[in-house]
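These notes are about the structure you will find just below.
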Amino acid sequence: MIEGIIGSLIVALIIAAVVFTRRWVKRGDPLAVTGEVLIPKAWVMALPSDDALPEHVPQDKRTYVPMYRLLRQRGAADFKATTVKLLVENRTEQALTIANIKVHKQQVGEPFSAVWVRYPPAGAAGAVVLDFLLDEPLPEAWEAAYEDSIEGLTRSGNRPYFDGNFIALSPGESQSLLITGRAESVCCSWWLQIEVVQAGKRRLVKVEPEGGALLTSGDPAGGFGRQLEWSWYEGEGASFVSPPWQT
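All residue numbers for the sequence shown refer to our numbering, where the first residue is 1494 and numbers rise by one.
Right, dumping it as structure tokens:
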């Protein structure tokens, strides 16, 4: 019983702490960071309760981006992976080096299991791609590549990226980063921290959406209470229905 209460409190804290913001800006000396969560045209989300599923979806919330935002505002988590795009820029007159990028986990609990929601596909980056496994106690960045889409992620290399690499930025130079946080068996809210070295001095730059942390949920051990998809293909009659493999 106590474990159940603690679990409920953790979920409540995560929902309260996370207010989704698609774009955010972290400006400072020496590094300026602009970021956004990448929302694929087909996505899957995990909901913490049946109440998080809207009974009515307004007409202006029925395409993949507005609906994604609607569910995030109601406490839903990205299922298994969240991908963010960062643009880091050296706005000083001296060269600087990004020596490391780390994930800081804000809250960790059991994966959401109430409802699995899919927005099915309707059709069919020069960036450094980094992958973090949020299940690890101290997730580290691994170099990775995408095959066709942000869902097709494959790691490369035999050790963490920053064990033998760094990102150097000359004055005025910028670099795009695609960063994915994956969860297999946890629900995790998280943010990023960039370690910057300039003129022999180290500085830590915290990077998170303006409203709070990112939120990613893995596979629940007992499966989902319900699995649904949004039937955009039914036009005006669109609704949350069972996916094809359950009918």
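Here a beta-carbon is modelled for each residue, glycine too, at the ideal position from N, C-alpha and C.
- Shown here, ASP1571 sits in a strand according to DSSP, grouped into three states.
- Distance from the CA atom of GLU1603 to the CA atom of ALA1706, rounded to whole angstroms, is 17 Å.
- GLN1686 is positioned such that its CB atom lies closer than 9 Å to that of LYS1699.
- For GLN1566, the enclosing alpha helix (DSSP H) begins and ends at 1557-1566.
- Under the three-state reduction of DSSP, LYS1554 is assigned to helix.
- The stretch 1578-1590 makes contact with the stretch 1659-1671: 3 or more CB pairs, one atom from each, lie closer than 8 Å.
- Rounded to the nearest whole angstrom, the CA to CA distance from LEU1721 to ARG1565 is 16 Å.
- In the structure shown, GLY1730 adopts helical secondary structure according to DSSP, grouped into three states.
- In the three-state DSSP reduction, GLN1739 falls in the helix class (H, G or I).
- Apart from the 5 residues on each side of it in sequence, ASP1712 sits with its Cβ closer than 8 Å to the Cβ of LYS1573, PRO1604, GLU1677, SER1678 in its chain, given in chain order.
- Measuring C-alpha to C-alpha distances from TYR1557 to each of SER1542, SER1724, VAL1608 identifies SER1724 as the nearest.
- Under the three-state reduction of DSSP output, ALA1545 falls in the helix class.
- Collapsing the DSSP output to three states places PHE1659 in coil.
- GLU1722: member of the beta strand (DSSP E) spanning 1719-1723, first to last residue.
- Under the DSSP assignment, LYS1699 falls in the beta strand (DSSP E) whose first and last residues are 1694-1700.
- DSSP places THR1527 inside the beta strand (DSSP E), whose first and last residues are 1524-1530.
- For ARG1611, the enclosing beta strand (DSSP E) stretches over residues 1608-1612.
- Residue pairing from DSSP places TYR1639 in a beta bridge opposite LEU1646.
- Distance between PRO1630 and GLN1552, taken at the CA atoms: about 42 Å.
- In this structure, PRO1547 keeps its C-beta atom at 9 Å or more from the C-beta atom of GLY1568.
- If you draw a 10 Å sphere on the C-beta of TYR1726, you find fewer than 16 other C-beta atoms in it, and that means exposed.
- From the listed residues PRO1737, PRO1653, PRO1523, GLU1703, the smallest Cα separation to THR1585 is found for PRO1523.
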